[in-house]
Structure formats: C-alpha cells, structure tokens
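Peer 1:
Number of protein chains: 2
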Amino acid sequence: MADSDIPGLIAEMGKRARAAAVQLAGMTSDAKRGALLSAAAAIRADSESIVAANARDMASAQASGLSGALLDRLRLDAARVESTAAGVEAVAGLDDPVGRTIDRVERPNGLVLSRIRIPIGVIGIIYESRPNVTADAGALAAMSGNAAILRGGSEAIHSNRAIHAALARGLAAGGMPPAAVQLVPVTDRAAVGAMLTAEGLIDMVVPRGGKSLVARVQAEARVPVLAHLDGLCHTYIDRAANPAMAQSLALNAKMRRTGICGATETLLIDRAFADPTPVLAALADAGCELRGDGEVRAIEPRTCPAACEDWDTEYLDSILSVKLVDGADAAIAHIAAHGSHHTDAIVTEDAATAERFLAQVDSAIVMWNASTQFADGGEFGLGAEIGISTGRLHARGPVALEGLTTYKWVVRGTGQARP
Amino acid sequence: MADSDIPGLIAEMGKRARAAAVQLAGMTSDAKRGALLSAAAAIRADSESIVAANARDMASAQASGLSGALLDRLRLDAARVESTAAGVEAVAGLDDPVGRTIDRVERPNGLVLSRIRIPIGVIGIIYESRPNVTADAGALAAMSGNAAILRGGSEAIHSNRAIHAALARGLAAGGMPPAAVQLVPVTDRAAVGAMLTAEGLIDMVVPRGGKSLVARVQAEARVPVLAHLDGLCHTYIDRAANPAMAQSLALNAKMRRTGICGATETLLIDRAFADPTPVLAALADAGCELRGDGEVRAIEPRTCPAACEDWDTEYLDSILSVKLVDGADAAIAHIAAHGSHHTDAIVTEDAATAERFLAQVDSAIVMWNASTQFADGGEFGLGAEIGISTGRLHARGPVALEGLTTYKWVVRGTGQARP
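These protein sequence lines are chains A and B, in that order. Using the numbering used here, the letters of the first sequence correspond one by one to residues 1 to 419. Using the numbering used here, the letters of the second sequence correspond one by one to residues 420 to 838.
(1) How far does the beta strand (DSSP E) with T683/B in it reach, from first residue to last?
(2) Using the Cα positions of T833/B and G822/B, report the straight-line distance between them to the nearest angstrom.
(3) Let me check one thing: in DSSP terms, what residues is R534/B bridge-paired to?
(4) By DSSP, does A566/B sit in helix, in strand, or in coil?
(5) What residue range does the beta strand (DSSP E) around L320/A cover?
(6) For R291/A, which beta-bridge partners are listed by DSSP?
(7) Between the segment 255-262 of chain A and the segment 309-324 of chain A, are three or more C-beta pairs nearer than 8 Å?
(8) For R271/A, collect the residues of the same chain with a Cβ closer than 6 Å to its Cβ; drop the 5 residues on either side in sequence, then sort them by chain order.
(9) So with Cβ pairs under 8 Å, would you call W409/A a contact of chain B?
(10) Given a threshold of 16 other Cβ atoms within 10 Å of its Cβ, counted over all protein chains shown, does K211/A qualify as buried or as exposed?
(11) Whose Cβ in chain B lies nearer than 7 Å to the Cβ of F273/A?
(12) In the DSSP assignment, what residue or residues form a beta bridge with Y655/B?
(13) Using a Cβ-Cβ cut-off of 8 Å, state whether D622/B counts as contacting chain A.
(14) Determine, using beta-carbon pairs with one atom in the segment 610-622 of chain B and one in the segment 638-648 of chain B, whether at least three such pairs fall under 8 Å.
(15) If the criterion is Cβ atoms closer than 8 Å, does the pair L290/A and L251/A meet it?
(16) Tell me the start and end of each unbroken beta strand (DSSP E) in the segment 169-199 of chain A that is at least 3 residues and wholly inside, in chain order.
(17) Rounded to the nearest angstrom, what separates I125/A and G800/B at their Cα positions?
(18) Please list, in chain order, all residues of the same chain as A21/A whose beta carbon is under 6 Å from its beta carbon, the five residues on each side excluded.
(19) DSSP three-state label for A370/A, please.
(20) Are S159/A and P131/A touching if we call contact CB-CB under 8 Å?
(21) With G387/A as the anchor, note down where its beta strand (DSSP E) starts and where it stops.
(22) In the DSSP assignment, find the beta strand (DSSP E) that holds D206/A and state where it starts and stops.
(23) Do S457/B and G589/B have their C-beta atoms within less than 8 Å of each other?
(24) At a CB distance below 7 Å, what residues from the segment 384-405 of chain A approach chain B? Give them in sequence order.
(25) Can you list, in chain order, the residues of its chain with a C-beta nearer than 6 Å to that of P207/A? Leave out the 5 residues immediately preceding and following it.
(26) G816/B bridges to which residues according to DSSP?
(27) Please determine, among R412/A, T390/A, P185/A, the residue with the shortest C-alpha to C-alpha distance to Y826/B.
(28) Tell me which residue opens and which closes the alpha helix (DSSP H) that I123/A is part of.
(29) For Q182/A, is the classification buried or exposed, using 16 other Cβ atoms within 10 angstroms of its Cβ as the cut-off for buried?
(30) Assuming contact is defined by CB atoms lying nearer than 8 Å, are A263/A and K254/A in contact in what I supplied?
(31) Do V741/B and I688/B have their CB atoms nearer than 8 Å?
(32) May I ask which residues mark the beginning and end of the alpha helix (DSSP H) holding S38/A?
(33) Exposed or buried, which one is R189/A when buried takes at least 16 other CB atoms within 10 Å?
(34) Using alpha carbons as the reference points, say which of Q416/A, I388/A, A384/A, V411/A lies closest to A420/A.
(35) According to a CB-to-CB cut-off of less than 9 Å, which residues of the segment 777-788 of chain B neighbour chain A?
(36) Can you give me the Cβ contacts of Q442/B inside the same chain, cut-off strictly under 6 Å, excluding the 5 residues immediately before and after it?
Rendered as structure tokens:
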C-alpha cells in the first residue's frame, strides 16, 4: 500500500471505531459478556485454520532467520489457541467497571452529582510477535466498552488475521458492532505512525512489546500512551530483614523468570544486614551472574566487577547488580537515582522502616516483604492486564479493565438555575 | 534572555521542582495547610506592594492599547488582593486527597494490596493576564503536594512577581521547600515551548486562558495537558419539559454570564414541546441575539438567520443558536456532531428520556433539569478548580485537588515468593 494512503486507511478505521464505540458504551455487562463468550467459541472452532495460518508465519520467520525466542513467541498450536480462547472467557468473567458510581454527592442546592465510569472510547494496541495479543487485547477493550484498533507485528500477520477473523465473527454473532475490534489489514510500518498521530480518532495507544517499540511509540505519539519503557526493579534487604526470607525473596525476585518486567535487576543490601553471604551464594549457585564492587566480591567471590551502567541496566537475564548501602535512606536515594518507577521492594521486619520506604519510593508499585515478580495484573487480582504503566497520569502499575475507563459527571436537578 | 538559554533555565527549574516535589509528597495535610495559611498572610501583608507592581503592568498595558476586558482582568486593587489571599485560605481548607486509600484487597496468598493517592509531581501552569492565578494555581498545586512551575502573561509580569514573592515567602515560612512554587522569571515566549517539551521534568501542563493559548499548548505539548479548548454547551428542551423550568433554565444557561465556558451556546427544542414561544421571547427580551432557521423565526421574529458555522461556534457572548429537533435522539445526535464534550443538559419531566440523554451524551458533564452554568469546581463542591478538562484521560470536567493526584500500589506481604 502506498504510504500516502495509510493515514486515510487509519482515519477510516478510526471513524468506524468511533461509531462502534458509541454502541459499545451502551451495551450491558451481560451483553458484552455474551459476545466475548461467543468470540471464545469462534476462536476454538477456528483452531485448525488459526494453526494453519500460523504455520505460514512460522515458515517465513524461519526463512528470514528469526531467533529461537521470537519463534517461540510467534508459534501457535492447538493448546495455545485453546489457552487464547480460555483467556477471552476469563476476560468475560471479570467485573465490568462501566456504569459504576465512583462517588455521589448532594449539594446544598439539591443538585445530585455522580461520577460514573464510562469507556475511554477508541484504544489503539500496537504489538509485536505474540499473536494471542490479538484476542487478549481485543477482549479487554471490548469488555470495557471500548473499540479497539489492533496493529500486530508483520511477522504474525496471517496468525493475527485468522485470530481476528474468528474474534470479530464471534463478537458480531454475540451482538457487538462489526467494528468493535478491527485489525489493521496492512503490514506497512507507516500504519504505526498514522495511529500514533490519529488525534481525535484514537484516544489512547498501548504498545505491547520490547523496549524499541515502546521507545518509538513514546517518541512519536501525539495521542496519550499507556506503557512502561523499563522495569528496572530493586529489592532492598534491610538490616532488620529476616535472613531466610531475604534469601528466598532475592532468589525469587531475580530468578523465577528473568525476562519479565517485574524481575529484580538490582539488589541493595544494608551494610548492617548480618547475613548477606548465603543470599549471594544462593543466587550464584542458581546460575545468576552477580555484578558488584570489591565490597560485594569480598562477600561472594564469584561476583564480577560492576560498571557504572550496571545500575541503569534492565538485564532481563540471569544477571544481577548488587550494592551495599547504608540503610533504607541510601536505598531510597539509589532507587530515586536509578529506578524506572516500576516495582521496588523492601525486605525488613521493621514496620517503621518499611512504611518509610513504601511512602518515599516513588514507583507505581512498592512492596514490603514480597517478590517483585508479583507485579502482574493477574497476581493483583485484576484478571488479564492490557499493560503495566510507569507513567504518572490516568493509570499506574498493572492496568486492566478499570484503566480502560474514564468517567463522566452526571448532574440531576429539579430546575436549579445558577444564582 | 537568549532563546538558547531558555530550555536550560526551564530544566534547572524542573530539577529544583522535582526535588521540592519529593519533600512536598512527604508533608502532612496539616503541614501543607499551615504553609498555605502563612502564604495567605504574606499576600495580605504585601498588598500595597502588589497593587503598586500591578500599577506598573496597568500603565504598560494601557500604553500598548490593551482592550478594556483585558485591562479589567489584569487590574488588582486592595479588594482583589484580599480575595486572592482568601482564595489561598479556601484551598487550605479543602480535604487533602493525598494518602487516601482508593481501594484495598487481600489476595488469597495473603498479600495486601492498597492503592494510595499520591501527588502527580511537577505541574506546569501557563496562563494569561489574570495575576490571581499565580496564587490560586500555586496554592492548589502545593496543597495537593505538587511542585508548580508558573508562567504567567508577560503583561502581568510585575504583578505576578510580587504575588509570587509573597506566596513563596509565606510557603517557605510555613515549612515548604523554596522551590515548591516557582515563577518563570522571564517573559520570553520560548519559555512556554520549553515547558511544553520538558518531558520527565514537568509531569502535566495546565493552560489557563483563551482558546489560542490552549490550542498552542495542545499542538506543541509533549507532556500531558489538562484543558478544554471549547465549551460548546447545549441545552435541550424536551417535549416533556416543564415550560416554566425550560424558560428559566434556558435564560440562566445562556445569559447569567455569557463569557464562561459553561454558558449554553446552542438551544435545541423538541418540535413536540408545546411552549417554545415564551422561551425564545424571554431570551430576546433579555438582549440575546437568536440565530436560527425559518422555523425558529416563525416562533420568534427577532431571530437572525443561522449559518452552518453557528452550530460549531462558542460565542461567549449574548448570542444563541436555536434549532428545532425531533426528540431526544435527534438532540443527542446533534450534540455528538457539534458538541465539545464539555457540558450538555436536558430539560424534561420524563425520567426515562433523561436517563437516555445522560447515558448517551458523551460529555464530561451531563445535566438533567439544571443550568449548564453550574459547570464549575466551586459549584461542584470541589473548592477552587485548576481547570476544566474535556480530555478523556485522567480527569474530566472540573479538576481540583483530586485531579492533581495519581496513585501508587502498596503491597504488604509476609515473605511471599511468586510460585
């Protein structure tokens, strides 16, 4: 497609999405639920054709030499399609925030003011190789009454089209407007740019993918973006930490899964903590590369020297930077200087120190005696998440249905004129 | 100042503001209240020098031929300084949202999750000729624990400096960091551009002023903006309206004050409403210019012909476009096509029609049997407002202290590792 036609295409999709959004905003929770269950059934029914479409993408990806990790993200089989369908059903089971009253007040003049949750409108979702995002993100948007415009990675285009066809057919059969969830039908990169500048057509963009995608979206977007660029999470072991808990949490926060944004990347240890040796030994024994200065190497000789950039690096790997600090205030200062406002944890038995850390660390999620790997919408009880936000406005941390809503003020009077 | 130095100046102010914001976030409500009361006292104490500084601005403004309305906005006297000080005291009396728990849940694994309101961080406020905004906006930001960077109109620079000097001295005497509220010390227009692109330094910008200022801010900003461009408000008189109420509300919604954003600009009347004649006659009698088509002129001969652009015009004057429509659905469609998502009202005794209108009109504020002129933070019981937002994210309608906050997730555990 000619680049010059792409903005027109996105504008057309945006107008259809806006019209669909008006209808979606008026649907009851049960109606939306029914449409999502119908969509899940359609995905299940199309399992074979979805897997066949995915085989085409996999063949191209292998031919073009995609890495093993990317191939695994792209790959669908019957089990993954089933889990995609089950994910849509799980979204259908979530509480619908739309229509909920945030607060209600009666003014002295008799006016009754309520704030009511409503959908945001049109959500753009820009993602990379995982084709299941087509269903997950589409379902989250639709369940919260938003129209979605999806733009997946070009390497997954056949998979995305197949999943989207099933999803859209199921949603329409369940009574949603056909444009409730649209997939950008072309793979041109210009489509991303057109979405990012579609002010008035797309109300919010959610990038789902690696750092380069998020950075591009944040740099180019004229529409609001919900995202996190880095997950440079810290775990701080205080002098008053329970040693066994400190070891267990450090190990889990770093090593349970190293590739997720909630994985701890820097371990801060209070110089007054009595027992750092077994903590670092356990990490090294588990295959974690430790990076630190001479003080840390004196505790655990398998430690490599840390460079300055280590304190600002999200490894997403079995690597951990380790630093000794003088108490909680030094840890708070280190996190303020190097953190990414994602998730930071303290391990301590001292409630006063913990509360100071929780109050002063300025991150979307702050934790006391828990693994940073809990930073996840599912673990927070939100069901599926559309993303995790480290921005300061609208929604922070794991964002699920409520983060896809906004509110309106409803004023009910009996003829009041303003004096 | 050389244009090339301006971004550096704003960056320096931004860094000082960020450091101040950290301290402000940790202040108790009572401490913030005390600092605001001290600032109000300082403004009162400086009343003479503030009025003298204002006289310099007024002399320049008169010499450069500013219009009477602008001169009136700029003008300060002892009474206006007193009311500015009283405004700061009123903000000190508002409920502090910071620290409030939005929700709290205990997960099956024992983790306790709370969402806690926190300040946004650093707020930029860009305004025009009213010098009292220096105190109002600074007080709202400080009371909600945010640092503020203020940039007022160049025509008010001496007034703003004098008010700011008093405010800052009072806040500091009351225990706030000196950079809690900063005033951009130069009048260069480049300072606005530098603020709008100060990503990471300024978390949100609030433009306070006319449409051209807001349009410029929305067009250039890389940081989030809280604003409304237009207040194209509608009042719809339904067939089931009480005729006396319809007349009273139409008159009040248009004519109480014509220059505010909540003033009704278009009156929609149901063709099945029995009694439009006295409504339009009362408006014309009150000096309102009516604009409509032949159908409207047949009801009220003093009506001028309406052009297409009348349906998209915010007059901010004693002018009202009037249209007959076929019922609430046609009114809803007209508002969707021409409204600005600010405030729209229905007058009816039919509850079902009213609820349909309230649900389907997609504006920040929707009203039933009330004057659109109530669209105001004070009237909503929020105290002073920082602005009214027609954006869809974060905060909509009148925005006061709560809209200047965001939240963090606080997770309290007992050593939970993620399975």
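Glycine included, C-beta positions come from ideal geometry on N, C-alpha and C.
Peer 2: Judging by the given coordinates:
(1) 683-689
(2) 34 Å
(3) D522/B, W828/B
(4) strand
(5) 319-325
(6) C304/A, S321/A
(7) yes
(8) L324, D326
(9) yes
(10) exposed
(11) Neighbours of F273/A on chain B: none; closest Cβ ~16 Å, over 7 Å.
(12) L687/B, I765/B
(13) yes
(14) yes
(15) no
(16) 181-183
(17) 37 Å
(18) G121, V122, A147
(19) strand
(20) yes
(21) 387-389
(22) Asp is not the amino acid found at residue 206/A; the sequence shown has Val there. Its beta strand (DSSP E) spans residues 204-208.
(23) yes
(24) R392, L393, H394, R396, G397
(25) I126, L213, V214, V217, A227
(26) S808/B
(27) T390/A
(28) No alpha helix (DSSP H) contains I123/A, which is instead part of the beta strand (DSSP E) from 122-127.
(29) buried
(30) yes
(31) yes
(32) 29-45
(33) exposed
(34) What is shown of chain A runs 1 to 419, which leaves residue 420/A out entirely.
(35) L777, A778, Q779, V780, D781, S782, A783, I784, V785, M786, W787, N788
(36) P596
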